[in-house]
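So the sequence lines, in the order shown, correspond to chains P, D and X. First residue of the first sequence? That's 0 in numbering that gives the first Met the number 0, and the numbers climb one at a time after it. First residue of the second sequence? That's 0 in numbering that gives the first Met the number 0, and the numbers climb one at a time after it. First residue of the third sequence? That's 0 in numbering that gives the first Met the number 0, and the numbers climb one at a time after it. From the three backbone atoms N, C-alpha and C, an ideal C-beta is built for every residue, glycine too. All values derive from a computational prediction rather than experimental measurement.
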Amino acid sequence: MTSARTAGVAGPVADGTGQDVLRDDPQQETAGRPAKPFGILGWLRWCWRQLTSMRTALVLLFLLAVASVPGSMLPQNGTDPVKVQQYISQHPVVGPLLNRLSLFDVFAAPWFAAIYLLLFTSLAGCVLPRAFRLAVSARAKPPAAPRHPARLPFGSSYRTALEPSEALAAAARLLSDKGFRLRAGDGWLAAEKGYLRETGNLLFHIALLALLAAVGLGGVFGYKADILLTEGDGFANTVAAYDQYHPGRAVAPGDLQPFTVWLDKFNATYIQSGPLRGEPATFNASIRYQAQPGDPMRHYALQVNHPLNVDGAKVYLIGHGYAPEFRVIDGHGKVALQQAVPFLPADTTDFTSEGVIKVPDAQPKQLGFIGVFLPTEVAFDGQLRSTFPVPLHPAVSLVSYAGNLGLDSGAPQSVYQLETNGMRRLPIEPQPLFPGQSMKLPNAAGTVTFTGYRQWISVQVTYDPGRVPALISAIIAIFGLLLSFLVRRRRLFVRVHPTGAVALSAGAPAQGDTGDTVTLGGAAGNAAAGNGAAGNGAAGNGAAGNGAAGNGAARGGTEVEFGGLARSDVAGGFEDEFAALAMALRTAHGAAAQPEWNEPVTPDESATKSEDRK
Amino acid sequence: MPVNIGMARLSDHLLLATVVIYSLAMLAYAGDIAYGRRRGKATAARQEPEPALAVAAVVRTGRPDPAGPVVPAGEMAPGAGAEDSPTPGATGKATTEVVAAAGPWVRAALALTTIGLAAHVLGILTRGLAAHRVPWGNMYEFVTAITFGAVIVFLALVLRYRAYFLGLFVMVPVVLGLGLCATVLYTAAGPLMPALHSYWIAIHVTAAIISSGIFIVAGTTTVMYLLAERNAVRVAAGSAPGGVMQRLPKSEVLDRLSYRTVVFGFPIWTFAVIAGAIWADQAWGRYWGWDPKETWAFITWVVYAGYLHARATAGWRGRKAAIIQLVGLGCLMFNLIGVNLWITGLHSYAGIS
Amino acid sequence: MSRSPRHAPAARSSAVSAPVLAVLAVLAVLSTTLVLAGCSAAQTVQSGPGSGDTNYIRGTVGTTAFRPGQRPAAPQVSGVTLTGQRLSLSSYRGKVVVLNFWASWCSPCRSEAPALAQLSTAYRAKGFQFIGVNIKDPGQANGAAYERSFGIRYPSLYDPAGQVLLAFRDTVPPAAIPSTLVIDRSGRIAARIIGAVDYTKLNDLLGELAG
Numbered sequence: 000m001t002s003a004r005t006a007g008v009a010g011p012v013a014d015g016t017g018q019d020v021l022r023d024d025p026q027q028e029t030a031g032r033p034a035k036p037f038g039i040l041g042w043l044r045w046c047w048r049q050l051t052s053m054r055t056a057l058v059l060l061f062l063l064a065v066a067s068v069p070g071s072m073l074p075q076n077g078t079d080p081v082k083v084q085q086y087i088s089q090h091p092v093v094g095p096l097l098n099r100l101s102l103f104d105v106f107a108a109p110w111f112a113a114i115y116l117l118l119f120t121s122l123a124g125c126v127l128p129r130a131f132r133l134a135v136s137a138r139a140k141p142p143a144a145p146r147h148p149a150r151l152p153f154g155s156s157y158r159t160a161l162e163p164s165e166a167l168a169a170a171a172r173l174l175s176d177k178g179f180r181l182r183a184g185d186g187w188l189a190a191e192k193g194y195l196r197e198t199g200n201l202l203f204h205i206a207l208l209a210l211l212a213a214v215g216l217g218g219v220f221g222y223k224a225d226i227l228l229t230e231g232d233g234f235a236n237t238v239a240a241y242d243q244y245h246p247g248r249a250v251a252p253g254d255l256q257p258f259t260v261w262l263d264k265f266n267a268t269y270i271q272s273g274p275l276r277g278e279p280a281t282f283n284a285s286i287r288y289q290a291q292p293g294d295p296m297r298h299y300a301l302q303v304n305h306p307l308n309v310d311g312a313k314v315y316l317i318g319h320g321y322a323p324e325f326r327v328i329d330g331h332g333k334v335a336l337q338q339a340v341p342f343l344p345a346d347t348t349d350f351t352s353e354g355v356i357k358v359p360d361a362q363p364k365q366l367g368f369i370g371v372f373l374p375t376e377v378a379f380d381g382q383l384r385s386t387f388p389v390p391l392h393p394a395v396s397l398v399s400y401a402g403n404l405g406l407d408s409g410a411p412q413s414v415y416q417l418e419t420n421g422m423r424r425l426p427i428e429p430q431p432l433f434p435g436q437s438m439k440l441p442n443a444a445g446t447v448t449f450t451g452y453r454q455w456i457s458v459q460v461t462y463d464p465g466r467v468p469a470l471i472s473a474i475i476a477i478f479g480l481l482l483s484f485l486v487r488r489r490r491l492f493v494r495v496h497p498t499g500a501v502a503l504s505a506g507a508p509a510q511g512d513t514g515d516t517v518t519l520g521g522a523a524g525n526a527a528a529g530n531g532a533a534g535n536g537a538a539g540n541g542a543a544g545n546g547a548a549g550n551g552a553a554r555g556g557t558e559v560e561f562g563g564l565a566r567s568d569v570a571g572g573f574e575d576e577f578a579a580l581a582m583a584l585r586t587a588h589g590a591a592a593q594p595e596w597n598e599p600v601t602p603d604e605s606a607t608k609s610e611d612r613k
Numbered sequence: 000m001p002v003n004i005g006m007a008r009l010s011d012h013l014l015l016a017t018v019v020i021y022s023l024a025m026l027a028y029a030g031d032i033a034y035g036r037r038r039g040k041a042t043a044a045r046q047e048p049e050p051a052l053a054v055a056a057v058v059r060t061g062r063p064d065p066a067g068p069v070v071p072a073g074e075m076a077p078g079a080g081a082e083d084s085p086t087p088g089a090t091g092k093a094t095t096e097v098v099a100a101a102g103p104w105v106r107a108a109l110a111l112t113t114i115g116l117a118a119h120v121l122g123i124l125t126r127g128l129a130a131h132r133v134p135w136g137n138m139y140e141f142v143t144a145i146t147f148g149a150v151i152v153f154l155a156l157v158l159r160y161r162a163y164f165l166g167l168f169v170m171v172p173v174v175l176g177l178g179l180c181a182t183v184l185y186t187a188a189g190p191l192m193p194a195l196h197s198y199w200i201a202i203h204v205t206a207a208i209i210s211s212g213i214f215i216v217a218g219t220t221t222v223m224y225l226l227a228e229r230n231a232v233r234v235a236a237g238s239a240p241g242g243v244m245q246r247l248p249k250s251e252v253l254d255r256l257s258y259r260t261v262v263f264g265f266p267i268w269t270f271a272v273i274a275g276a277i278w279a280d281q282a283w284g285r286y287w288g289w290d291p292k293e294t295w296a297f298i299t300w301v302v303y304a305g306y307l308h309a310r311a312t313a314g315w316r317g318r319k320a321a322i323i324q325l326v327g328l329g330c331l332m333f334n335l336i337g338v339n340l341w342i343t344g345l346h347s348y349a350g351i352s
Numbered sequence: 000m001s002r003s004p005r006h007a008p009a010a011r012s013s014a015v016s017a018p019v020l021a022v023l024a025v026l027a028v029l030s031t032t033l034v035l036a037g038c039s040a041a042q043t044v045q046s047g048p049g050s051g052d053t054n055y056i057r058g059t060v061g062t063t064a065f066r067p068g069q070r071p072a073a074p075q076v077s078g079v080t081l082t083g084q085r086l087s088l089s090s091y092r093g094k095v096v097v098l099n100f101w102a103s104w105c106s107p108c109r110s111e112a113p114a115l116a117q118l119s120t121a122y123r124a125k126g127f128q129f130i131g132v133n134i135k136d137p138g139q140a141n142g143a144a145y146e147r148s149f150g151i152r153y154p155s156l157y158d159p160a161g162q163v164l165l166a167f168r169d170t171v172p173p174a175a176i177p178s179t180l181v182i183d184r185s186g187r188i189a190a191r192i193i194g195a196v197d198y199t200k201l202n203d204l205l206g207e208l209a210g
């Protein structure tokens with residue numbers, strides 16, 4: 000019977016006891032039963048126990064999985080806010096409702112956080128007390144041997160010429176050599192092995208808690224920032240220099256590592272021929288960086304799977320694209336804009352890119368252009384298309400506007416979209432411009448020249464102090480998992496009876512066989528089937544054992560009863576081990592007689608079985 | 000490096016041959032179920048209710064069993080153990096036992112499976128050689144690898160537990176998968192996308208493939224378990240026992256086999272998810288970003304963890320736990336295939352346009 | 000509940016009972032507030048440029064002023080202006096320096112530019128020097144056009160990578176654009192304004208420092 004001392008042995012894996020054990024172990028079970036109606040404290044205790052029960056954990060676990068589903072099916076604000084807006088506008092009824100339920104931001108939603116916080120509270124509340132109990136009872140001895148170990152599932156009995164004490168000593172030596180923890184009593188020996196299983200189980204669950212803590216740590220003390228860099232550009236790791244910045248709550252602008260990165264050149268190669276023509280083959284960004292102002296510049300080849308590690312922060316290459324260069328001369332003849340304008344790829348197979356050029360300092364009127372960049376331009380059916388992502392034949396086509404860009408009002412605008420509300424489209428048809436070509440704008444509004452192109456890369460800088468702790472926790476979790484799956488907990492019992500002319504050995508088992516080992520035999524059940532056979536078969540076994548003992552009574556010596564009990568049925572193979580141990584034990588005892596194997600049988604066959612046997 | 004066209008074509012042909020051979024093996028397994036001998040069925044009246052799962056090792060240890068003849072390997076028949084060789088608990092309730100004998104049908108089926116497996120592995124190998132890289136970079140290659148994993152796991156179970164009865168049921172998804180590969184999922188051999196240029200592909204994807212194979216086999220066993228359960232209920236209610244179901248092992252056997260398989264696969268799947276996180280950290284700047292594939296891998300993990308917990312919780316064993324496992328398998332299949340095809344995210348490496 | 004709930008025996012149905020749900024709900028509410036008040040993990044973050052990007056960090060708009068005894072010393076800042084001349088902050092010791100960080104395409108920067116232009120001329124005689132730092136603008140042409148548009152006569156450092164920002168990291172980092180630092184005559188940072196400058200407020204602030 001599972002004693003309170005060794006409670007908590009059942010892990011996430013089937014406990015072979017066959018009992019209906021709630022995860023709450025017997026200690027808690029007896030402690031919490033109130034005799035009168037609950038007070039507040041009683042209610043709280045009941046709530047806590049409900050929360051930390053495995054049933055609740057199961058429910059929460061499934062809830063977490065179910066809650067993740069919409070996060071993968073619906074567009075999410077975190078990854079693609081534009082798609083979210085599209086979805087809402089396409090589904091005018093359902094969209095806003097889903098939005099209010101935070102279904103477009105599932106993983107940051109409070110209800111999602113509530114589920115996983117509850118789950119981990121439940122987990123912590125169950126695992127930590129068990130860990131304490133394990134620490135306390137780590138040295139606990141196995142329980143006393145049952146009266147008739149031979150009736151256990153892997154039981155057997157046989158006779159040996161050794162004295163009882165010698166037989167017991169030999170058994171103790173053998174079992175302790177095999178690493179069993181022993182407990183000796185009067186004429187019996189109990190051995191248990193596999194305590195590490197509970198340790199592994201708890202280690203796994205505690206590691207999961209640590210993993211969550213590490214994730215939280217990273218979220219609070221870490222930051223993520225994005226920036227788009229054109230060839231020739233650079234950035235310093237400061238808040239104001241970024242395009243996007245997502246700090247954890249405890250991150251102040253002064254905490255950012257003071258490095259600077261410059262992009263010299265970006266190279267992308269594509270597959271030129273074959274069925275995968277146009278697919279990217281390699282990406283390589285040559286960058287220079289200095290860890291602190293004043294440090295020497297170092298070079299690095301930034302690639303997709305090779306981030307730059309600088310001062311604890313990591314710089315990743317995320318994406319790339321084209322930035323055609325323009326020079327805009329305004330109506331007054333001054334250079335109003337001269338830069339490479341990043342265009343975003345609309346189609347990653349041929350890198351047709353779209354972008355917007357805003358010239359807010361053009362006089363007399365501000366100018367704006369919506370442009371398309373085609374790396375390998377081909378005129379096809381009157382349409383301009385790009386056929387290959389490499390700029391073999393680059394061209395740009397612009398739609399021109401003049402008026403008020405809306406930039407002077409202070410309201411933020413996207414750099415990739417033009418607000419044409421305050422602008423008037425200029426009466427000039429877009430035509431493909433090749434590098435070096437200009438387009439003269441009507442009404443002396445100016446000239447725009449396509450001077451060339453550069454490439455840009457998008458870079459993400461992350462700092463996550465929880466990354467390494469999370470990794471360590473994950474590794475420990477796997478280790479604990481393996482331990483809890485591979486280590487099997489099993490008990491062995493040996494009982495010795497001196498055989499002699501005394502009738503005791505013949506009579507006693509027959510009288511004693513109705514009751515005491517039934518529960519044990521029943522509790523063995525790592526197989527659901529045939530459980531009931533144990534107790535019922537005891538009668539037949541006792542008779543069989545008796546018969547043999549009775550026959551051999553004249554010889555003297557010791558009758559050894561040996562039985563094994565598996566406390567988990569995970570990996571199986573107990574049969575082998577018990578058989579081997581039985582063999583070894585018998586060898587150690589030099590058993591001379593034929594072994595009497597103990598086979599529990601079903602009641603209706605016991606009679607025929609005994610007859611068949613001998 | 001350009002693709003070796005000849006090798007690529009050889010790979011395609013080999014995989015087509017694999018489908019054919021596996022289909023023939025499937026027929027042979029079906030033949031075994033329909034016509035194969037079931038020794039000991041005649042002596043059913045004289046024995047124990049059919050015991051649990053076989054560990055042939057008990058008899059194969061080679062230790063001299065003084066009490067009776069060692070039952071020769073390959074001749075394990077239900078009932079033989081009970082009468083002749085009193086190996087400990089050979090018919091005990093908590094023990095190992097046996098399933099049908101390896102008759103000629105099974106031998107033919109296993110031979111065909113092995114030949115098919117050889118063709119399968121050569122097909123995968125030549126694909127890798129043709130493209131000069133590890134051969135799992137797109138959906139076509141994933142599915143060929145996963146089916147390969149499933150067959151390997153099945154054969155391992157055959158070796159360890161003589162689980163011939165699984166043959167027909169495992170071959171069905173394998174043949175289906177390979178058939179899909181040859182038709183819908185087919186993509187030409189080519190280089191990997193730059194994002195996949197990392198040694199992590201060998202670690203993360205391999206672990207995912209192995210554990211998928213394991214879970215597929217566990218799933219088919221669970222399906223068989225549910226059928227056996229339903230049949231047992233029907234028989235208990237009085238209807239005549241159905242032909243096919245009577246020739247398969249008892250439901251407890253199937254349940255435990257399925258459970259042990261999941262137990263074997265779960266740590267590998269956990270490792271695959273963690274390896275994926277490590278790779279994501281290197282490639283995308285964060286180790287977990289709720290990308291759809293990551294999310295569904297997490298969901299799959301959670302469901303299988305739920306299955307393991309359920310099986311330890313009273314009231315959830317048996318059919319309920321089996322359903323949970325099948326839900327987990329469904330999530331796994333959606334993760335491997337559905338996410339690639341229908342949801343765009345960072346993981347869209349299907350290679351299918 | 001008609002009778003006091005006992006510790007749930009294992010054999011009962013596996014459905015989650017009403018009190019459990021109530022407890023779960025209460026705890027859910029509690030943990031929700033916890034989460035909102037506590038940590039927020041920035042996990043689901045878009046990587047790479049998106050079509051809605053404004054490409055600058057707005058920051059928390061506001062003014063921080065430091066009392067005379069609590070002003071951190073301004074760091075060394077030097078560089079090249081948009082017109083190609085060298086400029087160093089230390090050479091303006093003795094004057095009050097208003098250091099303004101801007102970009103030509105940044106909308107709030109453009110909205111505050113007229114105010115800055117006016118105040119720069121108004122306070123010039125009182126020993127105030129306005130200096131701009133043009134960040135995130137590739138090439139000098141755009142910045143020069145901006146200065147022309149708004150009639151800005153004070154010099155601006157050309158700092159496309161934002162390295163001047165780095166210099167202020169340990170003191171009073173200007174964590175957004177636009178942002179403005181006011182450095183007093185002894186070279187100590189007297190105030191930081193995040194967000195577009197308001198004419199009246201900056202006027203008052205500078206008036207205090209004029210003395």
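Cβ neighbours of F61/P within its own chain (closer than 7 Å, five residues either side excluded): none.
Rounded to the nearest whole angstrom, the C-alpha separation of G186/X and S148/X is 31 Å. When C-alpha distances from P306/P are compared across A304/D, M332/D, R310/D, W283/D, the shortest belongs to W283/D.
Under the 10 Å beta carbon count, Y198/X is surrounded by fewer than 16 other beta carbons and is classified as exposed. Remark: C-beta atoms of R158/P and E560/P do not approach each other more closely than 8 Å.
Nearest C-alpha to D136/X among F203/P, V219/P, T229/P: T229/P. Counted as a single uninterrupted DSSP element, the beta strand (DSSP E) harbouring V260/P occupies residues 259-269. A residue is called buried once 16 or more other Cβ atoms fall within 10 Å of its Cβ, and D176/P, having fewer, is exposed. In this model, F167/X and P74/X are separated by some 6 Å (Cα to Cα). For T220/D, the enclosing alpha helix (DSSP H) starts and ends at 205-235. Listed in chain order, the non-local C-beta contacts of S210/D below 7 Å within the same chain comprise G264, I267, W268, A271, local neighbours out to five positions each way being set aside.
The straight-line gap separating the alpha-carbon atoms of N304/P and V133/D is approximately 16 Å.
Residue contact with chain P for G212/D: absent (no Cβ-Cβ distance below 8 Å to any residue of chain P). Look at K313/P: its C-beta is not under 8 Å from any C-beta on chain X. In the three-state reduction of the DSSP assignment, N403/P falls in the coil class, being assigned neither a helical nor a strand state. Contact annotation: in the segment 126-146 of chain D, no residue has its CB less than 7 Å from a CB in chain P. The three-state secondary structure of K223/P, taken from DSSP, is strand.
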